[in-house]
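Residues in the sequence shown are numbered from 1 upward in steps of one, following UniProt numbering.
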Amino acid sequence: GFFRRSITKNAVYQCKYGNNCEIDMYMRRKCQECRLKKCLSVGMRPECVVPEVQCAVKRKEKKAQKEKDKPNSTTNGSPEMIKMENGVKPISPEQEELIHRLVYFQNEYEHPSEEDVKRIIRMARRYDVNTDSILFVNNQPYSRDSYNLAGMGDTIEDLLHFCRTMYQMKVDNAEYALLTAIVIFSERPALIEGWKVEKIQEIYLEALRAYVDNRRRPKPGTVFAKLLSVLTELRTLGNQNSEMCFSLKLKNKKLPPFLAEIWDVDI
Numbered sequence: 001g002f003f004r005r006s007i008t009k010n011a012v013y014q015c016k017y018g019n020n021c022e023i024d025m026y027m028r029r030k031c032q033e034c035r036l037k038k039c040l041s042v043g044m045r046p047e048c049v050v051p052e053v054q055c056a057v058k059r060k061e062k063k064a065q066k067e068k069d070k071p072n073s074t075t076n077g078s079p080e081m082i083k084m085e086n087g088v089k090p091i092s093p094e095q096e097e098l099i100h101r102l103v104y105f106q107n108e109y110e111h112p113s114e115e116d117v118k119r120i121i122r123m124a125r126r127y128d129v130n131t132d133s134i135l136f137v138n139n140q141p142y143s144r145d146s147y148n149l150a151g152m153g154d155t156i157e158d159l160l161h162f163c164r165t166m167y168q169m170k171v172d173n174a175e176y177a178l179l180t181a182i183v184i185f186s187e188r189p190a191l192i193e194g195w196k197v198e199k200i201q202e203i204y205l206e207a208l209r210a211y212v213d214n215r216r217r218p219k220p221g222t223v224f225a226k227l228l229s230v231l232t233e234l235r236t237l238g239n240q241n242s243e244m245c246f247s248l249k250l251k252n253k254k255l256p257p258f259l260a261e262i263w264d265v266d267i
């Protein structure tokens, strides 16, 4: 869709990030120039794009065929049409499903199980800007020295830089929640129906965009782009953490018991 629209409209894009963006799930929304370059580099050919005039003719023919095949109706209008006439736009099936899920999970967590409470407490942590350290649920600060002593000094600088970035952006709870959902519903190896996961992620991406547009004026577009770049940085941190745990295992070293419990790893 993006490639066809770009070619048929003779679109001219401009990269703002150095003309060398890595196009993935997050970056493809940020830089259209590099996205178009990638389309061309993988073999997409402008001459193979069907002209817009021809597409319009096909759409018109298809619409005429649907009208021809549609059975006659004696009703005065569907509920959807009545809603539109009253000025109320009906919600999409995806939005309705999302609302049902949110209500379900809210009801479920009014009385969470003991095991879920333990999980939530175990995962609780926050960044302390005054000491430039990470505080876990036991209020124990983990600073550069702590990570160096644990054999994880290679990752701490990137982690603290990420924390400082989030602090400086003043990310609120709603944005954190939406970013978390976007990360959960992201592409990963061995997914059987990855397109379904991507479709769910698109819902949360649009929700985040709408929220930022309303909260982050006068430059919501810039903030939204920064939030998406944070997701790329977060994915890098996740890969670093996995590699670090694997490296410690190869070296026959063990994580401090508290961190091993937090990350739910046995090495």
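By construction, the Cβ of each residue, glycine as well, lies at the ideal position given by its N, Cα and C atoms.
Would Leu237 pass as a contact of Glu175 if the rule is Cβ separation under 8 Å? Taking 8 Å as the Cβ cut-off, Leu237 and Glu175 do not qualify as a contacting pair.
Do you know whose CA, among Val129, Ser186 and Gln14, lies nearest Leu36's CA? Of the candidates Val129, Ser186 and Gln14, the residue whose Cα lies closest to the Cα of Leu36 is Gln14.
Between Cys48 and Arg29, what straight-line distance do the alpha-carbon atoms span, to the nearest angstrom? Cys48 and Arg29: Cα-Cα distance of roughly 24 Å.
By the three-class DSSP mapping on this structure, what secondary structure does Ser133 have? Strand at Ser133.
Mind checking which residues open and close the alpha helix (DSSP H) that includes Met166? Run containing Met166: Gly153 to Met169, per the alpha helix (DSSP H) assignment.
Based on the DSSP secondary-structure assignment, which residues constitute the bridge partners of Asp213? The partner list for Asp213 (beta bridge, DSSP) is empty, contrary to what the question assumes.
Contacting residues, own chain, Cβ-Cβ under 8 Å from Tyr221 (five flanking each side not counted): Looking at the sequence itself, residue 221 is Gly, so the reference to Tyr does not match. Excluding sequence neighbours, Gly221 sits near nothing in its chain.
May I ask you to report which of helix, strand or coil DSSP gives Arg126? Here Arg126 sits in strand by DSSP.
Under 8 Å between the Cβ atoms of Leu205 and Ile182? The answer is yes: Cβ separation under 8 Å.
Hey, quick one: how far does the alpha helix (DSSP H) through Ala11 stretch, first residue to last? That residue, Ala11, is in no alpha helix (DSSP H); it is neither H nor E in DSSP.
Let me make sure I understand the geometry here. Which of Asn241, Asn10, Tyr17 and Phe3 has the alpha-carbon closest to that of Leu40? Ranking Asn241, Asn10, Tyr17 and Phe3 by Cα distance to Leu40 puts Phe3 first.
How long is the line joining the alpha carbons of Arg165 and Glu157, rounded to whole angstroms? Looking at the sequence provided, one finds Thr at residue 165 rather than Arg. One C-alpha to the other measures close to 12 Å.
Selection from Phe185, Lys170, Tyr147 and Glu94 that minimises the alpha carbon distance to Glu198: Closest by alpha carbon: Phe185.
Counting C-beta neighbours from all protein chains within 10 Å, is the total for Ala64 16 or more, i.e. buried, or is it exposed? Per the 10 Å Cβ criterion, exposed.
Here's the rule I'm using: 16 or more other beta-carbon atoms within 10 Å means buried, otherwise exposed. How should residue 276 be labelled? There is simply no residue 276 to check, as the chain begins at 1 and stops at 267 in what is shown.
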